[in-house]
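Peer 1: Have a look at the structure that comes next, please.
Protein chains: 2
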Amino acid sequence: MPNSADSQIADSRPTRLAPPEGGRGADTRERLLDAAEQIFAERGFEGASMRAVTQAAGASVSAANYHFGSKEALLRETLLRRVGPLNERRIARLDALEEDANGRPLELETIVEAFLRPVFEEHAASVDATARFRQVAARIYSDPPGVVSAMKRELFGPIVTRFVAALAAALPEKSRGEIELGFQLTVGVMVHVISGHLVTVPGQEEGECDCWTARLSDESVLQQMIAYVVAGLRAVSGSRGVAR
Amino acid sequence: MPNSADSQIADSRPTRLAPPEGGRGADTRERLLDAAEQIFAERGFEGASMRAVTQAAGASVSAANYHFGSKEALLRETLLRRVGPLNERRIARLDALEEDANGRPLELETIVEAFLRPVFEEHAASVDATARFRQVAARIYSDPPGVVSAMKRELFGPIVTRFVAALAAALPEKSRGEIELGFQLTVGVMVHVISGHLVTVPGQEEGECDCWTARLSDESVLQQMIAYVVAGLRAVSGSRGVAR
DNA sequence: GTCTATAGTTGGATAGAC
DNA sequence: GTCTATCCAACTATAGAC
Chain A
-15 MPNSADSQIA
-5 DSRPTRLAPP
5 EGGRGADTRE
15 RLLDAAEQIF
25 AERGFEGASM
35 RAVTQAAGAS
45 VSAANYHFGS
55 KEALLRETLL
65 RRVGPLNERR
75 IARLDALEED
85 ANGRPLELET
95 IVEAFLRPVF
105 EEHAASVDAT
115 ARFRQVAARI
125 YSDPPGVVSA
135 MKRELFGPIV
145 TRFVAALAAA
155 LPEKSRGEIE
165 LGFQLTVGVM
175 VHVISGHLVT
185 VPGQEEGECD
195 CWTARLSDES
205 VLQQMIAYVV
215 AGLRAVSGSR
225 GVAR
Chain B
-15 MPNSADSQIA
-5 DSRPTRLAPP
5 EGGRGADTRE
15 RLLDAAEQIF
25 AERGFEGASM
35 RAVTQAAGAS
45 VSAANYHFGS
55 KEALLRETLL
65 RRVGPLNERR
75 IARLDALEED
85 ANGRPLELET
95 IVEAFLRPVF
105 EEHAASVDAT
115 ARFRQVAARI
125 YSDPPGVVSA
135 MKRELFGPIV
145 TRFVAALAAA
155 LPEKSRGEIE
165 LGFQLTVGVM
175 VHVISGHLVT
185 VPGQEEGECD
195 CWTARLSDES
205 VLQQMIAYVV
215 AGLRAVSGSR
225 GVAR
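Which chain is which? The protein sequence lines are A and B, in order.
Take -15 as the starting number for the first sequence in the numbering used here and just add one per residue.
Take -15 as the starting number for the second sequence in the numbering used here and just add one per residue.
Here is the structure:
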C-alpha cells in the first residue's frame, strides 16, 4: 500500500533520476489530485477517465494507480483532501458560537452561516482550485449512488448529525421530522449553487452565460442564500415562525 | 431517419413476423424508453450503457439504434416524453391562475405551487415510472454539461422565462437579479428532492434508509417545500417581505 | 422491425524495465 | 516513483440476414 502521510517530501528523493523537475516543481501525487479534481468536476465520476486525468497531470496511468490503486480510490482521496478541512471549519465555527452563547440558544442565522460560509471561503488552495472542488463536491451529491453512496455517508454523516442537532435546539417548536426536512432542502440549495451548472435564465440578450455566478460576488450570493434558507427553515410545517 | 410522430401504431403492423407478443404486449420502442428511464436514473448518462438499457428492455442494441440512432438521442427522447407534458401542466396551471385573477397580481404561493405540484403528480404513467422520471430529470440538471447543456436550455428555457416573469409580478419590490437568484435556489430545492439520493441523516438506528422519501407522503413533502420556498423567495435581498 | 455478428474504440488495471 | 507496453473487458455503432 502506498504512503499516506507525505505531502512535503519534495526534495528528499530516494536516489537519483530527475525528480519532478520537468515543468513545475509540484509532487506528482499532488498534481494528480489537482487534475482529478478538475476532470471529475467537468465530467463526473463515470465520465472521467484515468487517461484524461493523468494526461492533465502530465503523468502516466501507472503513476496514478501506484499512488491510489484505483479510479474509485482516486476520487476518494480527491474529496477527502478538501472535505476534511471544510468540515473542520464548519465544526470550529459552531463550537465557537456555542461557547460564546454560554448555554443560551443560538441565532438561526449564525448556525446557517456556520454551515454555508466555509464552502465559500477560499483558503490555502487557489481560487480556481476552490471553484473546482465545489463542482466535484456537488457532483458527488448527485452522482452514481453505486460508487459514492458509502463515501457520502462517511464524508458528511457527522456534519449532518451535528447541524441537525443545532437546528433543533434553535427551533424548539419544530418536530424532528420538520428539522430534517428543512435541512434536506437547505442542502439542496447549497448543492445547486456550488454545482455551477445552474439553470439558464434566457432573455438577457443571447449571451452564452450558463451561470450567473460570474456576475455576482460570492459574498452577496452567500448573504442571499442565508436569508433564503433561514426564512425557509422557519417556515417548514406551516408555522410561519415569529419574527426574531 | 426513424419515424418521429407515432405513439399509437400498436396493432397496425406492416406485415407479418410475430409482433411484440414475446412477454408483454408493449411496443419495443416504448419498452426501450421505459428501460432507458430506469437505467439513466440509476447510473447517469455516462454510467449507463446501451447494453444495460437494451437488456432491461428485452431487446437488442440494434433495435435501440434503429429507433433512436444514438445513446444521446435516446436520452433526449427519454426526457422529452415526460418533460413536454410536465411543462404543459405547469403552464396550464399558471394560465388558469392568471385568468382567474383577472389582471390582479397572483399570490406567491399559487405560483410556486404551479411550478412544483406537477412534478409530484402521478399521471398517465405508473407510480414507478413517475419516480424514475424524477430521478432522470434530476440527473440531467447535474450531469455532464458537455452532453446535455443544450438540452437543458431547450427543455426548460421557456418554463424558466415564464415563471421568473410571474414571480417578478408577484414580488414587485424585488429587483430582477433578486428574483432570478431566488428562482435558482428554488430549482435547487426541487432538484434535490426529486433526485432521491438525499443526504443521510444518521442517528435513527443503523437503518439503511438513504432517503426519507418513503417515510413521508409526496403531498406533505410538497406542502413543506412550498412553505419553505415561498418564505425563501420573500426573504432574498434582506427585505424580509411583509406578511401577506 | 428485430436479430446476430462484428468492427473499431476506449476503458481500467497490470507487468516489468529503469 | 515513474515510465512504456500490454491485456482484456466493455463500450457505441454498424452491417447484413431474416
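C-beta: ideal position from N, C-alpha, C; glycine also.
#1: Do you know how far the Cα of Arg73 of chain B is from the Cα of Pro102 of chain B?
#2: For Ala48 of chain B, is the classification buried or exposed, using 16 other Cβ atoms within 10 angstroms of its Cβ as the cut-off for buried?
#3: How many Å lie between Ser221 of chain A and Val214 of chain B at the Cα?
#4: Assign Asp79 of chain B to buried or exposed, taking buried as 16 or more other Cβ atoms, counted over all protein chains shown, within 10 Å of its Cβ.
#5: Once you ignore the five residues that flank Leu139 of chain A on each side, which residues in its own chain have a CB closer than 6 Å to its CB?
#6: Is the beta carbon of Val177 of chain B sitting closer than 8 Å to the one on Phe24 of chain B?
#7: At which residues does the alpha helix (DSSP H) containing Leu63 of chain B begin and terminate?
#8: Name the chain B residues that come within less than 9 Å of Ala122 of chain A, Cβ to Cβ?
#9: Throw me the rounded Cβ distance for the Phe104 of chain B and Asp202 of chain B pair, which I believe falls under 8 Å.
#10: Cα-Cα, which of B:Ser110, B:Ala113, B:Gly180 is closest to Ser126 of chain A?
#11: Which bits of chain A does Gln208 of chain B rub up against, with CB to CB less than 9 Å?
#12: Does any C-beta atom of chain A lie closer than 8 Å to the C-beta of Glu30 of chain B?
#13: Under 8 Å by Cβ, that's how I've got Leu16 of chain B and Val37 of chain B pegged, so tell me the actual separation to the nearest angstrom.
#14: Who are the near neighbours of Ala211 of chain A in its chain, counting only those whose CB is closer than 7 Å to its CB and skipping five residues on each side?
#15: Any chance you could list the beta strand (DSSP E) runs of at least 3 consecutive residues sitting entirely within the segment 92 to 176 of chain B, in chain order?
#16: Assuming Leu92 of chain B contacts Leu155 of chain B (C-beta within less than 8 Å), just tell me the rounded distance between them.
#17: Can you confirm whether Val103 of chain A, when its beta carbon is compared against all beta carbons of chain B, has any partner nearer than 8 Å?
#18: By the 10 Å Cβ neighbour count, where 16 or more other Cβ atoms means buried, how is Asp112 of chain B classified, buried or exposed?
#19: Establish whether the CB of Gly172 of chain B and some CB of chain A are separated by less than 8 Å.
#20: In this structure, does DSSP put Gly42 of chain B in helix, strand or coil?
#21: Hey, could you find the ends of the alpha helix (DSSP H) Ala32 of chain B is sitting in?
#22: Less than 8 Å between the beta carbons of Arg123 of chain B and Gly53 of chain B, yes or no?
#23: Whole angstroms is fine: what's the gap from Val173 of chain B's alpha carbon to Gln207 of chain B's?
#24: Report yes if the C-beta distance between Ala149 of chain B and Leu90 of chain B is below 8 Å; otherwise report no.
Peer 2: This is what the structure gives:
#1: 6 Å
#2: buried
#3: 12 Å
#4: exposed
#5: Val67
#6: No. Outside cutoff.
#7: 55 to 85
#8: Ser126
#9: 5 Å
#10: B:Gly180
#11: Glu162, Leu165, Gly166, Leu169, Ala219, Val220, Ser221, Gly222
#12: For Glu30 of chain B, the answer is yes, since a Cβ of chain A falls inside 8 Å of its Cβ.
#13: 7 Å
#14: none
#15: none
#16: Indeed they touch by this definition, with Cβ atoms about 7 Å apart.
#17: no
#18: exposed
#19: yes
#20: coil
#21: Neither: Ala32 of chain B is in no alpha helix (DSSP H) and is coded neither H nor E.
#22: no
#23: 13 Å
#24: no
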